[in-house]
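Residues in the sequence shown are numbered from -4 upward in steps of one, following this note's numbering.
Beta carbons: idealized from backbone N, C-alpha and C, even for Gly.
To keep things clear, I will list the structure first and then write my remarks on it.
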Amino acid sequence: MAYKSITLTDSNPGDYFYDEAMKTLRTNVQFSGKNNKVILLTSGHGNEGKSDISFNLAVELGKAGKKVLLIDADIRKSVYKERYNIQEETKGLSQYLSGQVEQIDEVVCKTNYENVYMILAGPYAPNPTEMLGDELFGQLLKAAKQVFQYVIIDTPPLGIVVDAAVIGQYCDGAIIVVEKDSTSYRLCQKVKTQLEKSGCKILGAVLNKVNHGGKGYYGGKYGRYSKYGKYGEYGSGYINPEKK
Ligand SMILES: Nc1ncnc2c1ncn2[C@@H]1O[C@H](COP(=O)(O)OP(=O)(O)OP(=O)(O)O)[C@@H](O)[C@H]1O
Ligand SMILES: [Mg+2]
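Written out as structure tokens, the structure reads:
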């Protein structure tokens, strides 16, 4: 069955340094291990940049010739339709997980980005955690792994709702997005512990919204990113993919 096509319009073109940081993220994901194919992104609290990074990571992997499925698992507060001005009517994840749509192919959409496919969140559902924890979601991911080289899953913040940990049981690894100067060490620890409890290993973290003009931030362990120069508002760095 042919996938439905959707067109995404990215009104935020990013900048050179952001793009370079995304390439680094993509490379680090690729080198994190050949079995790390189903990867979720989460964070401690809202607005740290998970959805932006999920999308851009999928696009970068696609550009590198990898067939990627981006799943919007934020059934509570999906942003993709509006943010990327998606006009087509589609069926989404919530409809599949609630049994309203039976075939996976009916929820997978081909995008206008090379090698990038998407499952949109679908309409709001009152019980996302239960839906996402259902074995049906595990089966969907298993099937997706047969067809796609990477599956990137955008989730809600784990410091607020437990969905990402529930999804984590079906994933090969997780990336934690951390907004600079916004998330406490304690909250990051909590997110890490919760993911590990669900059996999901941590591939690494993205430090997002870095203003490289800030004083001395790139000293110490983040020093290696300084070679990218000024990130401006859209800076992102990927920290040590191997380290737990
Ligand atoms: N590196 C960045 N620099 C500046 N602004 C950014 C950056 N990344 C994302 N943003 C902006 O921050 C806001 C939140 O981004 P996004 O929706 O990706 O976060 P999120 O973590 O998915 O949020 P939520 O928890 O609500 O799902 C958006 O307005 C986005 O454009
Ligand atoms: Mg989001």
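Shorter than 8 Å, the distance from the beta carbon of K301 to the closest heavy atom of ligand 2, or not?
The first residue shown for the chain is -4 and the last is 239, placing residue 301 beyond what the model contains.
Pairs of beta-carbons, one from the region 75 to 86 and one from the region 154 to 166, closer than 8 Å: are there three or more?
no
With burial defined as no fewer than 16 other Cβ atoms inside 10 Å of the residue's Cβ, what is the status of G194: buried or exposed?
Counting from 1 along the sequence shown, the entry for residue 194 is found at position 199. Counting Cβ neighbours within 10 Å, G194 comes out exposed, since fewer than 16 surround it.
In terms of DSSP beta bridges, what is V63 paired with?
The residue given as residue 63 occupies position 68 in the sequence shown. Its beta-bridge partners are V111, Y145.
Could you tell me the distance, in whole angstroms, from the CA atom of T2 to the CA atom of Y112?
Against the sequence shown, residue 2 aligns to sequence position 7. Against the sequence shown, residue 112 aligns to sequence position 117. Straight-line Cα distance between these residues: approximately 11 Å.
Is the beta carbon of P121 less than 9 Å from the beta carbon of K72?
Residue 121 sits at position 126 when you count from the first residue of the sequence shown. Residue 72 sits at position 77 when you count from the first residue of the sequence shown. Not in contact: P121 and K72 (Cβ atoms no closer than 9 Å).
Considering only residues of the same chain and omitting the five flanking positions on each side of I81, which have a CB-CB separation below 8 Å?
Counting from one through the sequence shown, the residue named residue 81 turns up at place 86. Answer for I81: I1, T2, L3, Y75, L115, listed in chain order.
Do you know offhand how far V205's Cα is from V102's?
Working through the sequence shown from its first residue, we reach residue 205 at position 210. Working through the sequence shown from its first residue, we reach residue 102 at position 107. Using only the alpha carbons, I get a separation of about 35 Å.
For V33, does the count of other Cβ atoms within 10 angstroms reach 16, so buried, or fall short, so exposed?
Working through the sequence shown from its first residue, we reach residue 33 at position 38. Classification of V33: buried, given that the 10 Å Cβ count is 16 or more.
If you drop the 5 nearest sequence neighbours on each side, which residues of the same chain put their C-beta closer than 8 Å to that of I99?
Position 104 of the sequence shown holds residue 99. Y91, L135, A138, A139, listed in sequence order.
Measure the C-alpha to C-alpha separation of G168 and G199 and round it to an integer number of angstroms.
Translated into positions along the sequence shown, residue 168 becomes position 173. Translated into positions along the sequence shown, residue 199 becomes position 204. Their backbone Cα atoms lie some 9 Å apart in a straight line.
For S49, which of helix, strand or coil comes out of DSSP?
In the sequence shown, counting from the first residue as 1, residue 49 sits at position 54. Three-state DSSP puts S49 in a helix.
To the nearest angstrom, how far is the alpha carbon of G154 from that of N110?
Your numbering for residue 154 matches position 159 in the sequence shown. Your numbering for residue 110 matches position 115 in the sequence shown. Answer to the nearest angstrom: the Cα atoms are 32 Å apart.
Would you mind sorting S6 into buried or exposed? The rule is 16 or more other CB atoms within 10 Å of its CB.
For the purposes of this step, residue 6 is taken as residue 11 along the sequence shown, with counting starting at 1. Exposed, by the Cβ-count rule.
Is the beta carbon of Y11 within less than 8 Å of some heavy atom of ligand 1?
As a working mapping, residue 11 is identified with position 16 in the sequence shown. It does not: the Cβ of Y11 is nowhere closer than 8 Å to a heavy atom of ligand 1.
Rounded to whole angstroms, what's the CA-CA distance from G215 to E174? Just pull it up for me.
For this step, residue 215 is matched to residue 220 along the sequence shown. For this step, residue 174 is matched to residue 179 along the sequence shown. Annotation note: pLDDT 28 at G215 (below 50); position unreliable, coordinate value reported separately. Looking at the two C-alpha atoms, the distance is approximately 18 Å.
How is V102 classed by DSSP in three states: helix, strand or coil?
Taking the sequence shown and counting its residues from 1, the one referred to as residue 102 is at position 107. V102 falls in the coil class under three-state DSSP.
Pick from T19, Q184, C166, L202 that is closest to K196, judged by C-alpha positions
Mapped onto the sequence shown, residue 196 falls at position 201. Taking only the C-alpha atoms, the option nearest K196 is C166.
A159 - DSSP class collapsed to helix/strand/coil
On the sequence shown, residue 159 is found 164 positions in, with the first residue counted as 1. In the structure shown, A159 sits in a helix (DSSP, three-state: H, G or I).
Which residue comes first and which comes last in the beta strand (DSSP E) that contains E174?
The sequence position of residue 174 within the sequence shown is 179, counting from 1. Where E174 is concerned, the enclosing beta strand (DSSP E) stretches over 168 to 174.
Does any residue of chain D bring its CB to less than 9 Å from the CB of G199?
In summary, chain D is missing from the structure at hand, where a single protein chain is found.
Coil, strand or helix - A116 by DSSP
Counting from 1 along the sequence shown, the entry for residue 116 is found at position 121. A116 falls in the coil class under three-state DSSP.
Near V54, what residues of its chain come up, given a Cβ to Cβ distance below 7 Å and the 5 sequence neighbours on each side ignored?
For the purposes of this step, residue 54 is identified with residue 59 of the sequence shown, where counting begins at 1. Here the set comprises Y108, V111.
Helix, strand or coil for V201 per DSSP?
Residue numbering aside, residue 201 sits at position 206 when the sequence shown is read from its first letter. Three-state result, V201: strand.
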